[in-house]
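In the UniProt record's numbering, the protein residues as written are 1 to 276.
Note sheet for the following structure.
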């Protein structure tokens, strides 16, 4: 047990409030093979993330998505619509939570192998929701304690208990929104498998980066998506952009890729900046 003198404890609390932070969200399609029918990690990207995170200029809080570790089951059993009391769905909730813990464990082990101490904060055990975009119970003290101990908190999108419908899919993007509101970080960075928000098909030669994203741009994307039947249990690109727009009230908010992560960690992000 560690004992703190009054002055030591006061200094620790002061450091939490004054040291600048960066929130990082690693997309599920970046750290897993998202289109795989079975959970499959992208080991090359995970190793690269671990190497790049060894940065001491800012305190880091890490959030990650699910990719092939959560989306297929969540879609199959309609978890976004709440509990249906079927044995199959109850089993699927347990399976999703176990898969997400496994993915989180793998990421944390890789980060720790590069010399960064981490602590997992598991949403299904510490958070509750009241609808898809409202976190009614949030473990701020756990995040504070983790950073006081010099560790990097690592959390993730998960299947959480919901006050309205029994169960819900809490996306990492919504967790980012809550963390930004609480900590007012210097930067909130979404790290994806593309260099920012693109206009057009990602692999098309006609596609180009949109440098500034605002409410008007998001409205245009919504219009384009109305006839698109592709679904994503965490809200897809539109949901991400809406969360990012909210985050931009509290923090510089960027959407970028792994190639630009080092610049972001130096406080010089590039990609698509989200503004009010």
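Virtual Cβ for every residue (Gly too), placed ideally from N, Cα, C.
Assuming residue i and residue j are in contact, meaning their beta carbons sit under 8 Å apart, how far apart are those beta carbons, in whole angstroms?
{"i": "residue 186", "j": "residue 252", "result": "7 Å"}
{"i": "residue 156", "j": "residue 64", "result": "5 Å"}
{"i": "residue 50", "j": "residue 121", "result": "Contact doesn't hold; Cβ gap of about 18 Å is too wide."}
{"i": "residue 270", "j": "residue 260", "result": "5 Å"}
{"i": "residue 238", "j": "residue 222", "result": "6 Å"}
{"i": "residue 135", "j": "residue 142", "result": "With 8 Å as the limit, residue 135 and residue 142 do not qualify as a contact, their Cβ atoms being about 13 Å apart."}
{"i": "residue 243", "j": "residue 174", "result": "6 Å"}
So, residue i versus residue j, is the Cβ gap smaller than 8 Å?
{"i": "residue 183", "j": "residue 21", "result": "yes"}
{"i": "residue 153", "j": "residue 119", "result": "yes"}
{"i": "residue 218", "j": "residue 210", "result": "no"}
{"i": "residue 290", "j": "residue 180", "result": "The question about residue 290 has no answer, for the chain in this structure spans 1 to 276."}
{"i": "residue 147", "j": "residue 59", "result": "yes"}
{"i": "residue 103", "j": "residue 62", "result": "no"}
How would you label residue i, buried or exposed, when you count the other beta carbons within 10 angstroms and need 16 or more for buried?
{"i": "residue 81", "result": "exposed"}
{"i": "residue 264", "result": "buried"}
{"i": "residue 164", "result": "exposed"}
{"i": "residue 150", "result": "exposed"}
{"i": "residue 202", "result": "exposed"}
{"i": "residue 123", "result": "buried"}
{"i": "residue 266", "result": "exposed"}
{"i": "residue 44", "result": "exposed"}
{"i": "residue 88", "result": "exposed"}
To the nearest angstrom, how far is it from the Cα of residue i to the Cα of residue j?
{"i": "residue 38", "j": "residue 79", "result": "18 Å"}
{"i": "residue 277", "j": "residue 262", "result": "The displayed coordinates of the chain run from 1 to 276. Any statement about residue 277 would go beyond what the structure contains."}
{"i": "residue 91", "j": "residue 205", "result": "44 Å"}
{"i": "residue 131", "j": "residue 172", "result": "14 Å"}
{"i": "residue 137", "j": "residue 33", "result": "31 Å"}
{"i": "residue 196", "j": "residue 46", "result": "19 Å"}
{"i": "residue 166", "j": "residue 160", "result": "9 Å"}
{"i": "residue 241", "j": "residue 258", "result": "18 Å"}
Which residue from the options puts its Cα closest to that of residue i?
{"i": "residue 200", "options": "188, 220 and 215", "result": "220"}
{"i": "residue 162", "options": "226, 47, 93 and 68", "result": "93"}
{"i": "residue 35", "options": "57, 66 and 48", "result": "66"}
{"i": "residue 133", "options": "169, 224 and 143", "result": "169"}
Report whether the distance from the Cβ of residue i to the nearest heavy atom of the ligand FAD is below 7 Å.
{"i": "residue 200", "result": "Judged by which ligands are present, the structure shown has none, so any question about the ligand FAD falls away."}
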